[in-house]
Amino acid sequence: DFCKLPYIKDICNILNNSYTSLAPVEDFDNDGFSAMETGRGSDWRGRDCVDNDPQVYPGRRPLNSDYFSDSNCNGIWGTKNDTFLSLEQELCKKSQPRGLIFIGDSIGAHFHMPEVWINPLLFSWPGLNGSSVILDEIDWPQFGFATGFKNITRNILIQGLTDSLYLRLRNRNRCNHRDYQNLSQNGASSYEGLNHVNSIARNRTTDNPALVIYAMQGNDVCNNFNDTINHMTSPETFRRNVMKSLFLLDEKLPPQSHVVLVELVEADFIFPAMAERLHPIGRLHKNVFYKNLYEWFNCMQIGPCTGWLNANQTLRDITSKRARKLSTILKYIATNETFKNFQVHYIQNPINYLVRNDKINITEFLEPVDSLHPNQKAQVLLTETVWNFLEKLPVLGPVNPHNDEIIRIFGEQGGH
Amino acid sequence: VNGGMSCAVCTVLTGVTMQIAELHEEDLFNATKRLCNVLPNKIRHPCFRIVDKVEPYLTNLSEKITPDLFCLVYGTCRVDKGQPFCHLFPLTMEQEEMENVLKKEREKMLPKI
């Protein structure tokens, strides 16, 4: 057992804990936010600016108008020199601040296995120094389209630009600084939705409203079994799972929140585009192609998606058909169900949109190692696409007219 | 099936290590030692000890052994009843020859270690 090795054992325990709770590994005041980056810390949720005071955390409405300290970690506090009015009140109160909460799977978490670990021609010794990658479950949410916020500097493990829905929401209203939660997990499906909602750190009475994006994009139809169809989520169960998550959200979210349901991906475009291309592990001898990888995955029953990563076109079509069926349920819920504390909306899947409208070259869009997830270059396109969809809905709040003033007074607002 | 994820990890690690050894014109023993060297302190020395123990095996590995076959010999991968032999890398020999090579390799000390 790999997890019985010294040192690895500790990492396994940490990962097991965050796998079940999605809560930060290190959270001294138990408010759901952490000052540590990895282990479900600030790479996933806004950094806690005071981790020994449970009253201080990102996303809350300011405590005592933040006259003397920054209770919501958005970097805005103090009083105006001439009027002695609270800056938080003056710059933020009327701006309708809100946080971004992303509930999703490995696409939302930005799963990325560095090619330098697999490709012998690129293999690099420093590339192995990736304990933080492991503590983040081989995900890179800090650079992802949902809640990315870090610039990628010289890094052989990941390269490209960062743009995200959170960054855009923050640029729209600087009072939203640090108010993000990425509750995505590799392999998550509608079954896990309830657990993800449970792990939201939001107080209905003391915190700002939230924009929740529910994007379980593929694992209800993707599994690793030979009889993959029998293991797909049935429409009835899918509806029940989603409704359970929405009912729980209604209990947790502050009034005037919004929930956006995202259509499932239809990834039948992967096999035809990738099958005949060389996989990084076969680059040296030109002897392993993606179709070999898919066949091996399916033979061992360990692949991420038997339905789509499969030479059988009928099976790929059936998988897409089921995904479409589940998406119609999301659309139906968004049209017909109402909730007390939030409005529910539905948007097209950004990957489907980009593929159907020929906006991308598929082979340049996918991760080279697994060929299933969007790569770093794709993250920017996903952000742009989803943001365009969101702009058509009443979910983003107004642009804060005080943004320039906030930047002038508070600069980077304490960073992330 | 057939060892599942542990088998997959073994196959990929062995595949990368074998190819790195080839690129650096060294044997699997030295390539594996180089891998140990970049591990965190606490597991670096156990890694060296394990590699030293299997040295006779690693330095005399048949050239026909692919990463899939190595993990099959080592025992991380297996062929379950009613299941086919799953392989990521192309097969380099016919079934009969493969069985002979596997038998010879299994007689060496690695599986016991």
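Line order of the protein sequences matches chains A and B. Counting from 1, position 39 in the first sequence corresponds to residue 39 in the numbering used here; the numbering is continuous, with no gaps. One rule links them: number in the numbering used here = place in the second sequence (from 1) + 416. For every residue, glycine included, the Cβ atom is placed at its ideal position computed from N, Cα and C.
Start and end residues, beta strand (DSSP E) containing residue i
| i | result |
| --- | --- |
| HIS196(A) | Segment 190–198 is the alpha helix (DSSP H) holding HIS196(A); no beta strand (DSSP E) there. |
| LEU100(A) | 99–104 |
| VAL369(A) | Per DSSP, VAL369(A) belongs to no beta strand (DSSP E) and is neither H nor E. |
| TYR214(A) | 210–215 |
| HIS461(B) | Note, HIS461(B): premise wrong, no beta strand (DSSP E); alpha helix (DSSP H) at 457–469. |
| GLN343(A) | 342–347 |
Alpha-carbon to alpha-carbon, residue j and residue i
| i | j | result |
| --- | --- | --- |
| TYR57(A) | SER245(A) | 24 Å |
| ASN224(A) | LYS4(A) | 26 Å |
| PHE365(A) | GLU266(A) | 15 Å |
| SER86(A) | ARG47(A) | 23 Å |
| HIS258(A) | ILE347(A) | 13 Å |
| PHE28(A) | ILE11(A) | 19 Å |
| THR338(A) | LEU393(A) | 16 Å |
| ASP163(A) | ASN176(A) | 16 Å |
| PRO304(A) | ILE406(A) | 45 Å |
| ASP105(A) | PHE297(A) | 20 Å |
| LEU485(B) | VAL432(B) | 14 Å |
| ASN361(A) | ARG170(A) | 30 Å |
| PRO114(A) | ASN81(A) | 50 Å |
| ARG168(A) | ASP404(A) | 15 Å |
| ASP31(A) | SER21(A) | 14 Å |
| ARG239(A) | TRP140(A) | 30 Å |
| ILE481(B) | LYS519(B) | 12 Å |
Closer than 9 Å at the beta carbon, the chain B residues around residue i
| i | result |
| --- | --- |
| TRP387(A) | Neighbours of TRP387(A) on chain B: none; closest Cβ ~37 Å, over 9 Å. |
Cutoff 8 Å; reference residue i; Cβ partners in own chain excluding five residues on either side
| i | result |
| --- | --- |
| ARG60(A) | SER71, ASN72, ASN203, THR206, ASP207, ASN208 |
| GLY160(A) | PHE143, ILE152, ASN375, GLN376, LYS377, GLN379, VAL380 |
| PRO254(A) | ARG202, ASN203, ARG204, THR205, ASP207, ASN208, PRO209, ALA210, ASN341 |
| LEU248(A) | LEU194, VAL197, ASN198 |
| LEU165(A) | LEU100, PHE102, PHE145, ALA146, THR147, ILE213, THR383, VAL386, TRP387, LEU390 |
Chain-ordered chain A contacts of residue i [CB-CB under 8 Å]
| i | result |
| --- | --- |
| PRO472(B) | In chain order: nothing, as chain A lies at least about 24 Å away. |
| LEU504(B) | ILE281, VAL288, ASN292, LEU293, TRP296 |
| VAL428(B) | ILE118, ILE281 |
Interface partners of residue i on chain A, CB under 9 Å
| i | result |
| --- | --- |
| MET514(B) | Near MET514(B) there are no residues of chain A at all, since even the closest Cβ is about 16 Å away, more than 9 Å. |
| CYS423(B) | MET300, ILE302 |
| VAL417(B) | ASN226, CYS299, MET300, GLN301, ILE302 |
Amino acids of chain B, ordered along the chain, whose beta-carbon sits closer than 8 Å to that of residue i
| i | result |
| --- | --- |
| PRO401(A) | Near PRO401(A) there are no residues of chain B at all, since even the closest Cβ is about 51 Å away, more than 8 Å. |
| PRO6(A) | LYS458, ILE459, PRO462 |
Neighbouring residues, chain B, relative to residue i (Cβ below 7 Å)
| i | result |
| --- | --- |
| PHE123(A) | VAL432, ILE436 |
| CYS299(A) | PRO500, CYS502 |
| PRO120(A) | VAL432, GLN435, ILE436, LEU439 |
Contacting residues, own chain, Cβ-Cβ under 6 Å from residue i (five flanking each side not counted)
| i | result |
| --- | --- |
| GLY414(A) | GLY75 |
| TYR290(A) | MET274, ALA275, ARG277, HIS279, SER371 |
| PRO472(B) | none |
| ALA447(B) | THR433, ILE436, ALA437 |
| ILE281(A) | ILE118, VAL288 |
First and last residue of the uninterrupted alpha helix (DSSP H) at residue i
| i | result |
| --- | --- |
| GLN511(B) | 511–523 |
| ASN182(A) | ASN182(A) -> not in any alpha helix (DSSP H); beta strand (DSSP E) instead, spanning 180–184. |
| VAL116(A) | Unbroken run through VAL116(A): none, as it is neither H nor E. |
| LEU488(B) | 483–490 |
| VAL428(B) | 420–439 |
| SER245(A) | 235–252 |
| LEU381(A) | 376–391 |
| LEU444(B) | 444–453 |
| VAL260(A) | From DSSP, VAL260(A) is part of no alpha helix (DSSP H) but of the beta strand (DSSP E) over 257–262. |
| LEU315(A) | 313–336 |
| TYR7(A) | Where TYR7(A) is concerned, there is no enclosing alpha helix (DSSP H), given that its DSSP letter is neither H nor E. |
| LEU167(A) | 165–172 |
Own chain partners of residue i with C-beta closer than 7 Å, once the 5 adjacent residues on each side are dropped
| i | result |
| --- | --- |
| ASN352(A) | GLU263, VAL265, GLU266 |
| GLN96(A) | GLY397, PRO398 |
| ARG178(A) | GLY46, ARG47, PRO58, CYS73, ASN74, HIS416 |
| VAL417(B) | ASP496, GLN499 |
| THR79(A) | TYR67, LEU85, SER86, LEU87 |
| THR492(B) | GLY419, SER422, CYS423, CYS426 |
| GLY39(A) | ILE14, SER18, PRO24, VAL25, GLU26, LEU135 |
| GLU513(B) | none |
Distance cut-off 8 Å: residue i Cβ against heavy atoms of the ligand MG
| i | result |
| --- | --- |
| ALA215(A) | No copy of the ligand MG appears in this structure; indeed no ligand is present at all. |
### Task
Check distances from the C-beta atoms of the segment 444–465 of chain B to those of chain A and list, in chain order, the residues that come in under 7 Å.
Taking 7 Å as the Cβ-Cβ cut-off against chain A, the residues of the segment 444–465 of chain B that qualify are VAL454, PRO456, LYS458, ILE459.
### Residues, ordered as in the chain, of the segment 273–293 of chain A that lie near chain B by beta-carbon distance below 8 Å
If you check each beta-carbon in the segment 273–293 of chain A against every beta-carbon of chain B, the ones closer than 8 Å belong to ILE281, GLY282, LEU284, HIS285, ASN287, VAL288, ASN292, LEU293.
### Message
So if I threshold CB-CB distances at 7 Å, which residues from the segment 482–502 of chain B count as touching chain A?
### Response
Hits within the stretch, in order: PRO500, CYS502.
### Message
What are the residues in the segment 299–323 of chain A lying within 8 Å of chain B by C-beta distance?
### Response
From the segment 299–323 of chain A, only CYS299, MET300, GLN301, ILE302 have a Cβ closer than 8 Å to chain B.
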